[in-house]
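Counting in numbering that gives the first Met the number 0, the sequence shown runs from 0 upward without gaps.
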Amino acid sequence: MIVADFIEVARMSELPDGTMKQVNLRGELIGLYRVGDTIYAMGDICTHEHAYLTDGEFEPEEMEVECPLHGSRFNIETGNVRILPATQPEPTYQVKVEGDVISVGSTNPRSV
Ligand code: FES
Numbered sequence: 000m001i002v003a004d005f006i007e008v009a010r011m012s013e014l015p016d017g018t019m020k021q022v023n024l025r026g027e028l029i030g031l032y033r034v035g036d037t038i039y040a041m042g043d044i045c046t047h048e049h050a051y052l053t054d055g056e057f058e059p060e061e062m063e064v065e066c067p068l069h070g071s072r073f074n075i076e077t078g079n080v081r082i083l084p085a086t087q088p089e090p091t092y093q094v095k096v097e098g099d100v101i102s103v104g105s106t107n108p109r110s111v
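Structural data, given as structure tokens:
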């Protein structure tokens with residue numbers, strides 16, 4: 000079993016409910032999404048072509064983000080594609096919130 004190494008990436012106070020933010024996890028660009036008091040972390044570069052999903056539209060009630068370039072939609076919890084043209088899912092990451100501090104696991108348990 001690989002144990003994730005959690006790295007501090009942002010603060011709850013800079014991510015209001017219903018917003019998203021791009022962070023850099025050791026050179027990897029990740030999108031953080033806040034729904035209520037829960038934070039989700041998912042790869043931020045669209046798997047279709049090169050676009051940042053955090054430049055797109057976040058719909059918290061649908062748990063989806065829409066790519067700004069061609070409109071693919073991804074589930075922020077699972078990384079799965081909901082609407083084409085993207086066909087490959089995004090990686091998702093473990094998140095830990097302690098007080099105001101948001102940390103993301105550097106190992107994606109779904110990819111090992
Ligand atoms: S780059 Fe995201 S759908 Fe094409």
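Glycine included, every Cβ here is placed at the ideal spot set by N, Cα and C.
Of the residues assessed, Thr53 falls on the buried side of the cut-off, its CB having 16 or more other CB atoms within 10 angstroms. Around the beta-carbon of Gly42, 16 or more other beta-carbon atoms lie within 10 Å, marking it buried.
Residues whose Cβ lies closer than 7 Å to any heavy atom of ligand 1, listed in chain order: Cys45, His47, Glu48, His49, Ala50, Cys66, Leu68, His69, Gly70, Ser71, Pro84 and Ala85.
Taking a contact as a CB-CB distance under 8 Å, the pair Val8 and Leu24 counts as one, their CB atoms being some 6 Å apart. Cβ-Cβ distances below 7 Å link Thr86 to Val80 in the same chain, with the five nearest sequence neighbours on each side left out; the list follows chain order.
DSSP lists Glu7 and Lys95 as the beta-bridge partner residues of Ser102. In the three-state reduction of the DSSP assignment, Thr77 falls in the coil class.
Residue pairing by DSSP places Gly26 opposite no residue, since no beta bridge is assigned to it.
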